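With the UniProt record's numbering applied, the sequence shown corresponds to residues 1 to 219, in that order. We put the beta carbon where it would ideally sit given N, CA and C, even for glycine. A quick note: this is a predicted structure, and the numbers were derived from the prediction, not measured. Single-structure report; data block below.
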Amino acid sequence: MLTFMHSELSQTDVSSSPQQFLRLLCRMVDQLLFLMVEWARNSSFFKDIKVEDQMKLLHNSWSEILILDFIYRQIHNIWGKDIISPTGQSIGFDVLDKLGLTDVKAQVFELIKKGKELKMDFNEYMCLKFLILLNPDVSSLENRSYVEGSQEKVNAALFQYCMRCYPNAGDKFSQLLMRLPEIRLISIRMEDFLYFKHMSNEVPDQTLLTEMLQAKRLG
């Protein structure tokens with residue numbers, strides 16, 4: 001994925017054009033979606049769910065999962081503060097201002113700050129990822145009880161992990177769960193933004209991203 005990002009960045013002067021950054025962002029999200037779907041289909045609990053329910057769960061959760069992935073990487077500086085191409089080009093968060101997403105930037109910064117304060121580790125991040133994916137409130141699920149039971153198991157595992165590994169941080173479990181509604185708000189805002197850009201023909205069409213954007217609205 002980093003190779004793809006560096007390849008795209010080396011060919012695109014995104015710093016001079018928010019629209020070029022938007023197109024690049026959509027291509028990156030499209031690649032991340034393929035990776036996310038592959039991860040989900042081979043993951044515990046999810047791989048045992050019928051394909052029809054799998055699609056409904058993915059359509060509901062994809063943007064929240066990608067936001068969580070991004071936040072986690074920023075917390076641990078896996079990508080660094082900026083994305084830097086092989087040519088030395090750096091993309092800062094200020095590009096969000098140019099796209100009219102200043103509110104999203106502020107929300108993302110706040111989430112990163114809270115995540116660092118909580119010292120969110122990999123196991124907690126993965127539990128949150130599964131809690132987002134295995135949402136029994138998604139409409140028209142054929143096997144809602146299995147999804148609900150699976151989510152409850154993940155929730156219990158996260159609670160036990162926090163109590164065992166961080167006994168002096170008694171509210172860490174609840175603090176982690178409180179981040180989920182914040183992630184959802186950002187995901188809704190970004191979905192609306194991207195769907196508007198899609199309807200305005202400002203982003204590539206016939207992609208997995210546009211399929212996901214349309215599926216939730218048609219569902």
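Item                                                                                                                                                    : Value
Would the stretch 41-58 and the stretch 165-181 be scored as touching if the rule is three or more Cβ pairs under 8 Å?                                  : no
Does the stretch 189-199 come close enough to the stretch 109-126 that 3 or more CB-CB pairs lie under 8 Å?                                             : no
For F70, which three-state DSSP category applies?                                                                                                       : helix
Taking C-alpha atoms, which residue in N168, F21, L32 lies nearest to D97?                                                                              : F21
Please tell me whether I183 and I67 are closer than 7 Å, where the distance is taken between their beta carbons.                                        : yes
Determine, using beta-carbon pairs with one atom in the stretch 151-168 and one in the stretch 29-39, whether at least three such pairs fall under 8 Å. : no
What distance in whole Å lies between the Cβ atoms of L133 and S61, which are believed to be in contact at a cut-off of 8 Å?                            : 5 Å
Work out the CA separation of L24 and G88 for me, nearest whole Å.                                                                                      : For G88, the predicted model reports a pLDDT of 43, less than 50, meaning its position is unreliable and no value from the coordinates is stated.
For N123, report the span of its alpha helix (DSSP H) as first-last.                                                                                    : 122-133
Under three-state DSSP, which class holds F93?                                                                                                          : coil
CA-CA distance, R73 and N143?                                                                                                                           : 33 Å
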